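As structure tokens, the structure follows; a few thoughts come after it.
Residue numbers (mature numbering (1 follows the signal peptide of the UniProt record, and there is no 0)): -20 to -1, 1 to 1051.
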């Protein structure tokens, strides 16, 4: 367990792979060695040992997060291309993860039609790509080689990397990754479970009578501390930080590192409401390290107590840091650089190219025209056949090269960015606006400043300016005419084709606006369009290869494309005055130009969606409106719905009818409550919009509304979809079944001495009555839900249902099967002249076997996975209940018991089919068969109908089930007993007729005896139960509607023969 504070190091590197240019850094002591990932690693190892001097360890654990090198000449020239990163970072230095922007996901030729690179070697499980806010689909070749969270075993840090904060999944992905880290910590026992999960566990163990206790000590080596990197486009970082601060404490990151340095107040690590926030501006020339001091908390796991930030220049690397590892890495890197140099062909010739950037802060291209800028813009104009071409001075780098051969490496060193070509069309006015802005903000001092980098290097243009004039300093603009090859004054209405780079079209504000659809709206104009896969370095190589030779090199002398004429006093003004600005434009006083108002002001609400329900009458929701611009804005709410009460306690809020001024960075908090009494049932979706009027820098502009959405739900009355009054029908049908079966049973007992009842066997009839009664009683648990019973009662009813159905069915079907089997066995024996004795135990055996099988399965079902009553949600206000098992075991056991009873039913049907030709004197076989086939028909029709009814239609399912049980039960009773009643009734009628006939015969005999001596002759005939007096009532049962008809002759003999055979069978039947 971690009882004391432990420190680890977290280092973030943007250093390139090489320590200098391709031909530099021959060994570790070469003074030309300049930074690079080897120097970064050496400094990190040194810091690890230095920081550990106060500890017992030799060195502090550290994590090294390295950014992929995509732009250096070394990467573009090496035979492996981008994949050389794996060779260096993983193979040489042993790094197990790297970071990059999402664009790398489309760099492999397998994933993009515009890429011709094969970077499969870069994709490896040994060094996956760490990217947390982009979902990589399985169709992308990077899918198996990315990770959203990097768990660093040495430091116990769980690291997330969010690259490009404009990604739609930025905040949700961060939350998902943090939840995952939390889940891992919970599974490892490092932290208490989340409240909802912990509550479920507590409820479970309280019902289970189990006492739960957490271990007092936990091994902290299984615990992880979440760290989030936020990269690129730092203007979104404040919103991201707000979202993270809004999370519950146990789901927050311990630290957020903004690598863009967008919030200067957090240059040094600062604890903000429990989260350490650091916003250093990373670069490729500086060592950046955070020392994290951690301790263990029994509730919240690893905690970050203190963060110390260290930065230092990578070059020159102090001698004490040049360990053996560094020296071996430098030698290995030199061999890799030599491989790249061998892949460095000559692509053209030029005069001596002056440097564009050296180790000092002097940048000659930021002071005016520079030859390297001319080369790249000439290449772009040549490649696209455009009228003009331009790029910014800030992106031009490199030490230049000597006169003569120009190699590929020279171009990548001069422009170390993989910018693509961007082309479009603009008229003279908008070209003037572009140049006027560039010239007005440029410093012309050659110092490394942001505004200095906005000076445009151009081709096809000649711009004369006066740096002593302000704010506008352009004297004249001339554009080269393609046909004559001469420069002509700019025509404000003419359309000019332009070529530039993707950074100017899509990244370097405000140029994207000047070159985009916001400004280029005149007919014939075309906003800048980026052409993927066409790099500026490749265009320059093609240009030099096609237009230069050893005898005709590229001329690097300045060509008066940017001329500073301090004697001129009259500036060029293609836009006459502020009054000429059209609606939707604002006057930019610094550049004396009408510019289109921004489409959006960065004025946002802290939440995009708020949800209310009708029950939230007393709930007060807060939302914050923040002005993220660096100028003031005026806001005013638009129409509000009647059921929403919006107010603010802050004094700056002027009300709903007067604009409220928000300064730069200021916020305004609102409170909201609802009045839902007048709303109808349903969902109301409204957008609450605040108009953003004019701002300080865009006076007169009206930005798009700042708004948020509200979903107001007035839910209908809770619908439990219980059975309600329909259960009375079920109870009524059960009463009919119960009364009928009991009545029939009483009838059988009372008439058990009747010959007809004896022939059908009272035990057999009583089993049918009992089985049907049990089967019908399943309607009772089927009619019970949580409207009548508790949860426990409902659970018992759920499990009672299969018990009653299976046992009732088993008793009834066993009796039917035994009856048919007995008769078939006896008649089969009589046909073969064999006499057999069927014992009572033989007949009872099917009943016992089937009952034991069903009871065994039901006991297993009850013990393993009993059915329980559970509610399912259709809508938030509508639920339904049904009996379900907790696993698939219930379904399996249901299938088993269903198959078992279906097999028995099938066997009984087979016996009924075999008994179809038995004499009508044993017509009960036909009765039993009719009952069985009636069951089969009901099941064939009823079961599919049951499956067609959805689970949520509780009344329909209940009605169908009850009806099916009722029809099955009543069909069996009525088909068996109604014919029995008819037979008994006919027997009674016949008996009365015979008694009357006997009396009449006796009277006639008495009269005849008076005239002669009486001679009495007794006639006897064979019957089923032996010899009986002819005058007595017959005891052999007739078929249920036809009395046996004798016609004398052959027919009479057949009848007598049948009677004799029946006598043999009847003798063997157990009573």
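A virtual CB, placed ideally from N, CA and C, is assigned to each residue, including glycine.
All values reported here derive from a predicted model rather than from experimental measurement.
Item                                                                                                                                                                      : Value
Spell out the partners DSSP gives residue 481 in its beta bridges.                                                                                                        : 401
DSSP puts residue 986 in a beta bridge; with which residues?                                                                                                              : Residue 986 pairs with nothing; no bridge assigned.
In terms of residue numbering, what span does the alpha helix (DSSP H) encompassing residue 729 cover?                                                                    : 706 to 730
Relative to the C-alpha of residue 354, which residue among 482, 668, 510 and 523 is closest?                                                                             : 523
What would DSSP say about residue 577, mapped onto helix, strand or coil?                                                                                                 : coil
If we ignore side chains and look at the alpha-carbon of each, how far apart do residue 240 and residue 392 end up?                                                       : 24 Å
Here's the rule I'm using: 16 or more other beta-carbon atoms within 10 Å means buried, otherwise exposed. How should residue 852 be labelled?                            : exposed
Does residue 826 come out as helix, strand or coil in the three-state DSSP assignment?                                                                                    : helix
Check whether the Cβ atoms of residue 585 and residue 487 sit closer than 9 Å, and answer yes or no.                                                                      : no
If you draw a straight line from the alpha carbon of residue 503 to that of residue 470, how long is it in whole angstroms?                                               : 18 Å
Measure from the alpha carbon of residue 463 to the alpha carbon of each residue in 538, 490, 540 and 367, then state which is nearest.                                   : 367
Does the distance from the CB of residue 73 to the CB of residue 309 come in under 9 Å?                                                                                   : yes
Going by the CB atoms, is the gap between residue 436 and residue 1055 shorter than 9 Å?                                                                                  : Past the edges of the chain, shown from -20 to 1051, lies residue 1055, and the structure says nothing about it.
Name the DSSP bridge partner or partners of residue 468?                                                                                                                  : 459
Under 8 Å, with one C-beta from each stretch per pair, do the segment 24 to 43 and the segment 57 to 72 reach the 3-pair mark?                                            : no
When the Cβ atoms of the segment 724 to 739 are set against those of the segment 955 to 962, are three or more pairs found closer than 8 Å?                               : yes
Just the C-alpha distance for residue 860 and residue 701, rounded to the nearest angstrom, thanks.                                                                       : 5 Å
Going by DSSP, what residue range makes up the beta strand (DSSP E) through residue 544?                                                                                  : 542 to 544
Do you know how far the Cα of residue 332 is from the Cα of residue 426?                                                                                                  : 20 Å
Of the choices 342, 786, 980 and 857, whose alpha-carbon is the least far from that of residue 945?                                                                       : 786
Would you mind stating whether residue 272 and residue -14 have Cβ atoms separated by less than 9 Å?                                                                      : yes
Taking the alpha-carbon of residue 1136 as reference, which of -8, 864 and 845 has the nearest alpha-carbon?                                                              : Any answer about residue 1136 is impossible in this case: the structure gives the chain only from -20 up to 1051.
Would residue 270 and residue 235 qualify as a contact pair, given that the criterion is a beta-carbon distance under 9 Å?                                                : yes
Do the segment 10 to 22 and the segment 272 to 287 make contact, defined as three or more Cβ pairs closer than 8 Å?                                                       : no
Going by DSSP, which residues form a beta bridge with residue 855?                                                                                                        : 858
Can at least three beta-carbon pairs, one atom from the segment 757 to 766 and one from the segment 926 to 943, be found at a separation below 8 Å?                       : yes
Just the C-alpha distance for residue 716 and residue 751, rounded to the nearest angstrom, thanks.                                                                       : 15 Å
Since I believe residue 589 is in contact with residue 691 (beta carbons under 8 Å), could you give me their beta-carbon distance rounded to a whole number of angstroms? : 7 Å
Under the DSSP definition of a beta bridge, which residues are partnered with residue 127?                                                                                : 110
Mind reading off the beta-carbon distance from residue 614 to residue 641? Whole number of angstroms is fine, and I expect it under 8 Å.                                  : 5 Å
Using the Cα positions of residue 158 and residue 87, report the straight-line distance between them to the nearest angstrom.                                             : 29 Å
I'd like to check one pair, residue 373 with residue 405: are the Cβ atoms closer than 9 Å?                                                                               : no
To which residues of the same chain is residue 473 closer than 7 Å at the C-beta, ignoring the five residues directly before and after it?                                : 407 and 408
Express the C-alpha separation of residue 493 and residue 587 in angstroms, rounding to a whole number.                                                                   : 28 Å
Give the DSSP-derived three-state secondary structure of residue 507 in the structure shown.                                                                              : strand
For the alpha helix (DSSP H) containing residue 878, list its first residue and its last residue.                                                                         : 869 to 894
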